[in-house]
Amino acid sequence: MISELAQIIMQLVNDRYEIQGIPVLDIAQQFGTPLYVYDADKIVDKINQLRNAFSSVDLKIKFACKALTNVSILKLMRQNGVELDVVSPQELELGLHAGYEGSQITFTPSGVSFDEIETAVAVGSIINLDNLIVLEKFGQRFGGTVPCMIRIKPNVAAGGNAKIMTAHEGSKFGIDIRQREDILRIVNQYGINVVGLHQHTGSDIKEANAFVRAADVIFNFAKDFPNLKIIDLGGGFKVAYKEGDPITDMPALGAKLSEAFLALSEQLGRKLQLWFEPGKFLVSESGILLVNANVVKSTPNRTFVGVNSGLNHLIRPMMYDAYHHIVNVSNPVSTQLKTYDVVGYICETDTFATDRPLTEVHENDTLALLNAGAYGFTMSSQYNSRFRPAEVLVYQGKAHIIRQRETMEDILKNQVLLEL
Ligand code: LLP
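Just so it is clear: in the sequence shown, position 145 is 145 by the UniProt record's numbering, and no numbers are missing.
Structure follows, in structure tokens:
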């Protein structure tokens with residue numbers, strides 16, 4: 001009995017029912033659901049955690065904005081001295097729109113046409129070149145006039161699941177380190193100005209050692225580039241989606257990598273800059289998805305909570321079997337936990353959680369899916385011709401709308417009704 005109570009109290013303490021003192025339920029009532037809500041303080045806190053862990057090196061943080069591209073979030077990043085990593089000309093445009101200079105934005109595309117690279121060069125962005133063909137084209141087009149970086153695939157397998165691993169032997173990303181001689185041949189042939197080496201191992205990386213192993217490969221190669229100023233170790237830090245999940249021990253990783261990085265700088269006799277491109281680490285925990293229970297449906301063997309959202313708004317559970325903690329915000333203090341399957345309203349299997357203990361759910365209750373700030377809205381769609389959610393940012397103690405809810409106009413926009 002006591003341990004059950006302790007468990008409930010623990011849950012109360014751990015779960016977030018307020019953001020910067022504003023009850024989440026008030027936010028849901030004010031703006032409606034489904035709704036993404038982000039906590040600006042949480043983002044700033046994560047930025048500071050990363051900075052503190054790497055305080056002994058010259059660190060630059062480039063937010064991998066594919067995780068969350070709302071321009072107000074990008075502006076918040078800029079306000080806090082965080083630059084951007086983008087993967088498409090459209091993300092680049094969003095960065096410029098948020099007030100960044102092109103030179104503060106790194107373009108890290110994968111297998112794009114050379115036009116896209118030229119577009120990014122034209123606004124002064126630095127490019128991470130990820131294949132030999134494009135490296136050669138870059139040399140032919142720009143010679144040594146435009147500084148660039150090279151994305152290396154270190155052949156280190158790490159990441160939360162196969163879909164989000166990017167640096168293992170079979171991965172499409174980067175230039176395989178075993179092609180180092182080809183890289184050097186092309187660089188020398190065209191006098192390409194390589195100022196940085198980049199690698200990104202994957203997402204949700206549990207083992208700190210994976211970062212160290214990948215960094216080792218890059219550090220070794222660095223010696224071959226006399227103009228090198230930057231080592232970019234990508235993103236991929238692990239956040240906790242569920243109680244007890246392992247996370248990246250940032251202070252320990254910072255100490256370990258910084259030491260190796262400073263040793264490299266000393267060995268090369270040059271001050272280098274260390275870059276990271278975190279996505280999840282900066283924004284995942286800042287965001288929740290608020291949904292409403294449309295129906296509580298009992299069947300002989302399970303009880304379903306059907307909510308006004310689905311894989312069209314948060315695809316991570318269906319796509320990666322990802323766990324998102326769920327809180328019944330309307331009934332936070334009940335001592336009775338029941339087991340539910342929380343499902344979406346999309347017309348295919350669309351499950352947020354299976355066999356999940358929640359405080360008793362009633363029709364119209366608001367549920368919060370936690371840790372939904374990264375790859376939530378940005379991977380949402382209009383599937384089933386439903387509107388994507390609105391977005392709210394809680395900034396300096398006030399909830400601000402940062403994306404209006406879609407309307408039928410958004411769904412019909414660009415569609416052409418033929419005269420038949
Ligand atoms: N840099 C590059 C080159 C990347 O491809 C990525 C993520 C990042 C940085 C940021 O990784 P992060 O710190 O967010 O782990 N949609 C998946 C994650 C895909 C990650 C793709 N690349 C998910 O929801 O788990």
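Using N, Cα and C, we set each Cβ at its ideal position, and we do this for glycine too. In this text, all values refer to a predicted model and were calculated from it rather than measured experimentally.
Per-residue DSSP class, three states only, for residue i
i	result
P317	helix
F237	strand
I164	helix
A208	helix
S298	strand
T366	strand
K60	strand
L412	helix
E136	helix
Q273	strand
K398	strand
L290	strand
V217	helix
H325	coil
D26	helix
R141	helix
residue 458	This structure cannot settle anything about residue 458, because the visible part of the chain is limited to 1 through 420.
C65	helix
Check whether residue i and residue j have beta carbons under 7 Å apart
i	j	result
G310	G344	yes
F237	P300	no
I199	I218	According to the sequence provided, residue 199 is Gln. The question's Ile does not apply to it. Their beta carbons are under 7 Å apart, which means Q199 touches I218 by this criterion.
N371	S284	yes
D85	A98	no
N308	P23	no
N60	W275	Reading the sequence as shown, one finds Lys at residue 60 and not Asn. Yes, the pair counts as a contact, with Cβ atoms nearer than the cut-off.
D232	G159	no
Y241	Y323	yes
F54	S258	yes
Q104	E136	no
K280	A167	no
L253	A208	yes
V194	F173	no
Status (buried if at least 16 other CB within 10 Å, exposed otherwise) for residue i
i	result
K62	buried
E169	exposed
G81	exposed
D355	exposed
L417	exposed
D365	buried
A67	buried
P251	exposed
C148	buried
P246	exposed
F114	exposed
L420	exposed
S125	buried
K46	buried
E409	exposed
N161	exposed
R302	exposed
V333	exposed
D26	exposed
T106	buried
G21	exposed
T349	exposed
A28	buried
C-alpha gap between residue i and residue j, whole angstroms
i	j	result
V37	A399	9 Å
P154	R185	19 Å
F142	T108	18 Å
S286	F221	36 Å
P357	I127	47 Å
M165	E406	33 Å
M319	T145	43 Å
M379	I411	17 Å
G244	G202	21 Å
R78	K229	22 Å
D341	S330	18 Å
V13	V134	Note on V13: pLDDT 44, under 50, position unreliable in the model; no value is reported.
E360	A293	11 Å
A210	V44	26 Å
I288	T248	21 Å
Y17	G397	15 Å
N328	V71	30 Å
G235	L282	10 Å
L337	E391	30 Å
A214	S171	14 Å
H325	L268	46 Å
Cβ-heavy atom distance, residue i to ligand 3, below 6 Å
i	result
T378	Among the ligands present in this structure, namely ligand 1, ligand 3 is not found.
- Query: With distances taken from each beta carbon to the nearest heavy atom of ligand 1, which residues come in below 7 Å, in chain order?
  - Reply: Counting every residue whose Cβ lies closer than 7 Å to a heavy atom of ligand 1, we get A64, K66, A67, D85, V87, T108, G160, I164, T166, H200, S203, D204, G234, G235, G236, F237, E277, P278, G279, K280, F281, R316, Y320, A322, A374, Y375 and M379.
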